[in-house]
Amino acid sequence: MESNPNDTPSERKPEAGSVPPQLPGTQLPSIGAPPPVIAETSPPLPPKATDKSSSLQQGLAILLSLFLALFLAEAVVSLADDSLILLFDLHILTAIRGILFAFVILVAIAIYVLMGFTPMIPKRWFLPLTLFIPVAGLLVIPLFIYFYGEKQQIAWVVSLVQVLFGLGILYWVQGGFKFRWPLVTVKQVATRGFSWGNLSVFLLANVFLLLPVAVVYLAFCARLAVDHFSEGFVGLRPGGLTMQMRKYVRDDGKTIQLFPMAHIGDAEFYQKLSQSFPSNSIVLMEGVTDKKNLLTNKVSYKRMATSLGLADQQKEFKPSQGETVMADMDLDQFAPETIAILNMVMLIHADGLTPENVMKLMQHAPPPGVEKQLFDDILSKRNRHLLGEIDLWLLESDTIIVPWGAAHMPEIAREIEKSGFRLKETEDFVVIRFGSAGEKRK
0 MESNPNDTPS
10 ERKPEAGSVP
20 PQLPGTQLPS
30 IGAPPPVIAE
40 TSPPLPPKAT
50 DKSSSLQQGL
60 AILLSLFLAL
70 FLAEAVVSLA
80 DDSLILLFDL
90 HILTAIRGIL
100 FAFVILVAIA
110 IYVLMGFTPM
120 IPKRWFLPLT
130 LFIPVAGLLV
140 IPLFIYFYGE
150 KQQIAWVVSL
160 VQVLFGLGIL
170 YWVQGGFKFR
180 WPLVTVKQVA
190 TRGFSWGNLS
200 VFLLANVFLL
210 LPVAVVYLAF
220 CARLAVDHFS
230 EGFVGLRPGG
240 LTMQMRKYVR
250 DDGKTIQLFP
260 MAHIGDAEFY
270 QKLSQSFPSN
280 SIVLMEGVTD
290 KKNLLTNKVS
300 YKRMATSLGL
310 ADQQKEFKPS
320 QGETVMADMD
330 LDQFAPETIA
340 ILNMVMLIHA
350 DGLTPENVMK
360 LMQHAPPPGV
370 EKQLFDDILS
380 KRNRHLLGEI
390 DLWLLESDTI
400 IVPWGAAHMP
410 EIAREIEKSG
420 FRLKETEDFV
430 VIRFGSAGEK
440 RK
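With numbering that gives the first Met the number 0, the residue at position 39 of the sequence shown is 38, and numbering never jumps.
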């Protein structure tokens with residue numbers, strides 16, 4: 000059938016068979032229907048940032064686990080070592096303990112420094128661990144001062160506390176005693192890296208808090224130690240080092256004045272003291288003689304005094320009133336080993352730590368128990384000799400002056416109190432003024 004050219008397109012009817020058949024299963028979109036939704040494929044997720052940060056976390060987790068394990072191992076070995084020493088006087092674990100202690104200190108310092116640079120380390124666990132050993136060492140100083148005879152018992156208690164403290168941290172870290180490795184997991188290490196804020200707080204806390212507190216505490220402990228071991232004859236004060244003169248009297252009118260001395264000090268102290276003694280007194284002077292020339296290097300504190308800007312007692316202390324009497328022993332009454340040690344000490348004091356002197360010091364092997372012999376010669380023997388001189392000169396004079404080293408005074412005071420003397424008065428003298436030495440060197 001031919002189409003009429005005058006027909007409009009809408010009037011034209013398609014011929015049968017001219018329209019292609021509709022495909023099965025397809026529907027034509029209806030007019031006004033919303034457009035079909037096309038499912039879009041999501042872009043691929045970026046790979047997890049585990050290369051650098053995860054490696055750092057894993058490394059820190061291993062380091063922290065190693066430190067916690069070393070801390071516990073050192074604590075257990077220390078407790079076992081202290082127990083063996085306390086019960087059986089055996090030191091078979093002391094060397095191992097020392098090695099472990101060195102490793103713990105090194106790792107603790109490394110972790111403590113890392114805490115300042117990165118907040119990745121969990122401070123709630125590892126700040127107490129890194130500070131335990133130094134804090135415990137500081138806290139036991141007063142105990143060692145006042146209970147030095149029980150130092151081994153104190154050490155045992157500290158080791159026990161360290162074991163319990165380490166186990167407590169382990170339980171806290173793992174949520175129980177699971178004993179997995181690593182002890183610290185990667186998830187427990189933070190992902191945040193370097194932080195200026197963290198570093199600033201770390202530096203401020205150490206410089207303006209921890210360091211000043213430690214210095215003040217150590218100064219306080221030093222004052223306690225000086226006062227305790229000198230039984231009050233020596234005092235460490237903010238203004239300087241003081242010595243306490245004590246005057247003892249007896250019912251018969253006899254008087255003994257104890258003046259604790261220092262080998263070096265302010266020249267003003269020695270000069271004033273030299274002019275303060277009564278004219279009718281006997282001054283029992285200190286000073287070991289060496290009639291047989293057993294010392295290869297003479298005892299002198301001039302080099303030390305000069306380096307500190309102070310005065311030497313031998314040069315400045317010359318009593319101008321009273322009768323001076325040498326009341327000390329001669330060197331030949333000391334043990335040979337004591338003389339050898341004195342020669343070594345005076346050699347180093349005179350020439351310094353030269354390579355030759357260091358070799359001599361390393362080759363010198365004192366016998367066991369030499370400390371007790373040295374203490375007996377330097378203090379006990381001389382104290383007994385001095386007490387004999389005091390008794391002798393009390394028969395000749397009513398006033399005895401004893402300007403001897405401060406270390407001698409506690410025993411001398413106890414012994415004269417036993418002989419009937421009682422303390423009547425005290426007076427403090429400043430031997431070394433802090434700051435004066437620096438001013439003199441200028």
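Just so it is clear, CB atoms sit at the ideal spot from N, CA and C, and this is done for glycine as well.
Rounded to whole angstroms, what is the Cα-Cα separation between residue 342 and residue 379? The alpha-carbon atoms of residue 342 and residue 379 are separated by roughly 20 Å.
Helix, strand or coil, according to DSSP, for residue 433 in the structure here? Judged by DSSP in its simplified three-state form, residue 433 adopts coil rather than helix or strand.
Here's a check: name, in chain order, each residue in its chain whose Cβ is nearer than 8 Å to the Cβ of residue 104, leaving out the five neighbours to either side. 132
Please determine, among 166, 191, 330, the residue with the shortest C-alpha to C-alpha distance to residue 115. Selected option, being the one with the closest Cα: 191.
Which residue marks the beginning of the alpha helix (DSSP H) containing residue 255, and which one marks its end? That residue, residue 255, is in no alpha helix (DSSP H); its beta strand (DSSP E) goes 254-257.
Buried or exposed: residue 434, going by 16 or more other Cβ atoms within 10 Å of its Cβ? exposed
Roughly how far, in whole angstroms, is the beta-carbon of residue 330 from the beta-carbon of residue 293, given that I think they are within contact range, below 8 Å? 5 Å
Taking 7 Å as the cut-off, decide whether the C-beta atoms of residue 427 and residue 254 are in contact. no
Can you tell me where the alpha helix (DSSP H) with residue 345 in it begins and where it stops? 335-350
Own chain, CB closer than 7 Å to residue 99, minus 5 neighbours either side, in chain order: 69, 72, 73, 76
Going straight from the alpha carbon of residue 266 to that of residue 301, what length do you get? 13 Å
I need the straight-line Cα distance from residue 239 to residue 63, nearest angstrom please. 45 Å
Proximal residues to residue 222 (C-beta, below 8 Å), its chain only, five neighbours per side dropped: 234, 235, 236
Within the 7 Å Cβ cut-off, does residue 227 reach chain C? The chain inventory of the structure shown lacks chain C, comprising one protein chain alone.
Please determine, among 313, 289, 220, 322, the residue with the shortest C-alpha to C-alpha distance to residue 263. 313
If you run the structure through DSSP and keep just helix, strand and coil, what is residue 358? helix
Can you round the beta-carbon distance between residue 168 and residue 86 to whole angstroms, since I take them to be within the 8 Å contact cut? About 28 Å; that fails the 8 Å criterion.
Below 6 Å CB to CB, which residues in the same chain sit around residue 414 once its five sequence neighbours on both sides are set aside? Excluding positions up to five away in sequence, the list reads 386.
Go ahead and pull the three-state DSSP assignment for residue 117. coil
Segment contact, 8 Å Cβ cut-off, at least three pairs: the region 208-220 with the region 381-397: no
Nonlocal neighbours in the same chain, by C-beta distance under 6 Å from residue 258, ignoring five residues either side: 244, 402
Quick one: any contact between the region 195-211 and the region 158-174, if contact means 3 or more CB pairs under 8 Å? no
Which residues in the same chain as residue 338 place their Cβ atom closer than 8 Å to its Cβ, once the five residues preceding and following it in sequence are excluded? 293, 294, 330
Answer yes or no: do residue 381 and residue 325 have a C-beta to C-beta separation smaller than 7 Å? no
Contact belief for residue 256 with residue 400 at Cβ below 8 Å, rounded distance in angstroms: 5 Å
Give the range of the alpha helix (DSSP H) segment to which residue 172 is assigned. 150-173
Strand pairing of residue 138, partner residues [DSSP]: For residue 138, which the question treats as bridged, DSSP gives no partner whatsoever.
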